[in-house]
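Have a look at the structure below, then the notes.
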Amino acid sequence: MAERDVPLGGRGNQRRDNQRLGNQWLGRYGEQQAVRYLESTGYRVLERNWRCRQGEIDVVAEQRGQLVFVEVKTRTSDAFGHPFEAITAAKLRRMHVLARLWCAAHPGITGPVRLDVIGVLAPGGSLPRIEHLEGVHA
Numbered sequence: 001m002a003e004r005d006v007p008l009g010g011r012g013n014q015r016r017d018n019q020r021l022g023n024q025w026l027g028r029y030g031e032q033q034a035v036r037y038l039e040s041t042g043y044r045v046l047e048r049n050w051r052c053r054q055g056e057i058d059v060v061a062e063q064r065g066q067l068v069f070v071e072v073k074t075r076t077s078d079a080f081g082h083p084f085e086a087i088t089a090a091k092l093r094r095m096h097v098l099a100r101l102w103c104a105a106h107p108g109i110t111g112p113v114r115l116d117v118i119g120v121l122a123p124g125g126s127l128p129r130i131e132h133l134e135g136v137h138a
């Protein structure tokens with residue numbers, strides 16, 4: 001079988017693989033827009049896509065001495081719910097754990113910790129709409 005004939009993902013479901021790649025692209029696009037927004041409003045981005053065994057933090061930033069851990073949710077429309085609706089109490093608890101782990105891995109960087117969520121609505125052909133919730137809690 002020629003290399004070009006091997007289905008993505010090895011399972012032969014091209015549609016699912018294409019959708020997954022599209023979702024990954026959309027997620028990266030949303031994170032890029034969120035970072036631009038944060039930087040334009042005075043945040044200093046310290047890290048993007050920090051990973052450990054327990055999960056991933058989309059953006060770690062600093063604002064006036066405060067460490068801000070940001071979850072970014074991106075959608076092309078709100079037809080199936082607003083991006084913020086994808087943030088569950090379990091996700092917020094996981095964000096708390098990940099924030100503590102990030103702080104432990106970066107002992108030279110200290111400050112009060114805050115969890116934020118940024119929702120990006122990115123309909124095709126128009127500018128994205130960005131909404132920022134500061135200080136979310138489980």
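Residue numbers for the sequence shown follow the numbering used here, so the first one is 1 and each next one is one higher.
The beta-carbon is built from N, C-alpha and C at its ideal position, and this holds for glycine as well.
When the Cα of residue i is compared with those of the options, which residue comes out closest?
| i | options | result |
| --- | --- | --- |
| glutamine 66 | Gly30, Glu31, Tyr43, Leu121 | Tyr43 |
| asparagine 49 | Val60, Glu39, Ser40 | Val60 |
| glutamate 62 | Ser77, Thr110, Thr74 | Thr110 |
Classify residue i as buried or exposed, calling it buried when 16 or more other Cβ atoms lie within 10 Å of its own Cβ.
| i | result |
| --- | --- |
| alanine 34 | buried |
| isoleucine 57 | buried |
| proline 112 | exposed |
| methionine 95 | buried |
| glutamate 134 | exposed |
| leucine 127 | exposed |
| glycine 124 | exposed |
For the alpha helix (DSSP H) holding residue i, just list the boundary residues, first then last.
| i | result |
| --- | --- |
| leucine 92 | 89-105 |
Tell me whether residue i sits in a helix, a strand or coil according to DSSP, three-state version.
| i | result |
| --- | --- |
| glycine 27 | helix |
| leucine 21 | For leucine 21, the predicted structure reports a pLDDT of 49, less than 50, and the residue's modelled location is therefore unreliable. A value from the coordinates is still provided. It is helical. |
Going by DSSP, what residue range makes up the beta strand (DSSP E) through residue i?
| i | result |
| --- | --- |
| alanine 61 | 55-63 |
| threonine 110 | Note, threonine 110: premise wrong, no beta strand (DSSP E); not H, not E. |
Just the Cα atoms here: how many angstroms apart are residue i and residue j?
| i | j | result |
| --- | --- | --- |
| phenylalanine 69 | asparagine 23 | 22 Å |
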